[in-house]
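*Asks:* Here the sequence shown is numbered in my numbering, starting from 10 and rising by one per residue.
Glycine is no exception: its CB is placed at the ideal position from the N, C-alpha and C atoms.
Bear in mind that the values here come from a model prediction, so they are computed numbers and not experimental data.
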Amino acid sequence: MSRATPSFDAVVEGRRSIRGFMDRQVPRELIEEVLALAMRAPSSFNNQCWNFTVVSGEPLDRIRRGNTEGILAGTPDSREFRTHDKQSGDHRTRQVEVAKQLFGAMGIAREDKEARQDWVLRGFRQFDAPVSIVVTYDRELLGSDVAPFDCGAVTNALVNAAWSRGLGCVINSQGIMQSPVVRREANIPDNQVIMICVAMGWPDEDFPANSVVSNRKPLTAAASFVGFPE
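Structure follows, in structure tokens:
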């Protein structure tokens, strides 16, 4: 590598979701470097079904406008991946917990509906990041759980690779809420299924929400060991 990079442990332990970005463009060469590294992610049967559409400038601004205008007009969600019903139990608890962390950092009171809506709209604008990477997979694999699994693996690798280069990201399904808008403005062909998008840019260290580190459940709650000596 041409530059010193942090250790793997430092990247994984230090990375956090970034929701506020500097008004500074990201060089295409750096994005290509991040994507090339991310594509070393494991892939079932070596399918490598993922593809990336990297959007910036006016096309990204048109996606932001179309996405937010559609939402405000009551246009139904048209994301192309299956969503779940309202979360409950521990899943809902963790969702609420990180929302409280974010609203607390931003100084948004529970009763401040206007500020809360503005925060939601930031998500639909992909947090005003200078770059959006739309992750898609080959439509011939639609209906298989393998393609979303592979896209998850490469997206994880993407955000970690970006962090190792000083870039911040947030994985953002709100940004593709109006998938027809994204498909049209980003020229995504019909043979691709839009899975997710990643907002990317240089972190604004003065943006309060960027200090939030979500809590993680303990290893004991996630892992069981079978066949090991006591």
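On the DSSP bridge assignment, give the partners of Phe-234 in chain order.
*Replies:* Note: Phe-234 is not bridge-paired with any residue in the DSSP secondary-structure output.
*Asks:* Mapping DSSP to helix, strand and coil, what is Asn-76?
*Replies:* helix
*Asks:* Is the distance from the Cβ of Val-179 to the Cβ of Ala-138 below 9 Å?
*Replies:* yes
*Asks:* What is the rounded straight-line gap between the Cα of Leu-1 and the Cα of Pro-212?
*Replies:* Because the chain is modelled from 10 through 239, residue 1 falls outside the range shown and cannot be assessed.
*Asks:* Within the continuous alpha helix (DSSP H) that includes Ser-188, where are the two ends?
*Replies:* 188-194
*Asks:* Please name the residue in Ala-170, Glu-120, Glu-89 whose C-alpha comes closest to that of Gly-241.
*Replies:* One cannot answer for residue 241 here, as it falls past the ends of the chain, which runs 10 to 239.
*Asks:* Do Ile-203 and Val-163 have their CB atoms nearer than 9 Å?
*Replies:* no
*Asks:* Is the stretch 98-118 touching the stretch 146-156 in the sense that three or more CB pairs, one from each, lie closer than 8 Å?
*Replies:* no
*Asks:* Buried or exposed, going by whether 16 or more other CB atoms sit within 10 Å of the CB of Arg-49?
*Replies:* Classification for Arg-49: exposed.
*Asks:* Using DSSP's beta-bridge definition, name the partner residues of Trp-211.
*Replies:* According to DSSP, Trp-211 bridges with nothing at all.
*Asks:* Contact between the stretch 166-176 and the stretch 11-27: three or more CB pairs below 8 Å?
*Replies:* yes
*Asks:* What does a CB cutoff of less than 8 Å around Ser-188 pick up in its chain, not counting 5 residues either side in sequence?
*Replies:* Ser-87, Arg-88, Glu-89, Ile-203
*Asks:* Throw me the rounded Cβ distance for the Gly-29 and Ala-218 pair, which I believe falls under 8 Å.
*Replies:* 6 Å
*Asks:* Evaluate contact between the stretch 23-39 and the stretch 117-125, counting only Cβ atoms and requiring at least three cross-stretch pairs below 8 Å.
*Replies:* no
*Asks:* Could you name the residues of the same chain whose beta carbon sits closer than 7 Å to that of Arg-73, not counting the 5 residues immediately before and after it, in chain order?
*Replies:* Arg-134, Gln-135
*Asks:* How many Å lie between Thr-62 and Ile-142 at the Cα?
*Replies:* 6 Å
*Asks:* Which of the three DSSP states, helix, strand or coil, is assigned to Gln-201?
*Replies:* Three-state DSSP puts Gln-201 in a strand.
*Asks:* Beta carbon of Ala-47, beta carbon of Leu-130: below 9 Å?
*Replies:* no
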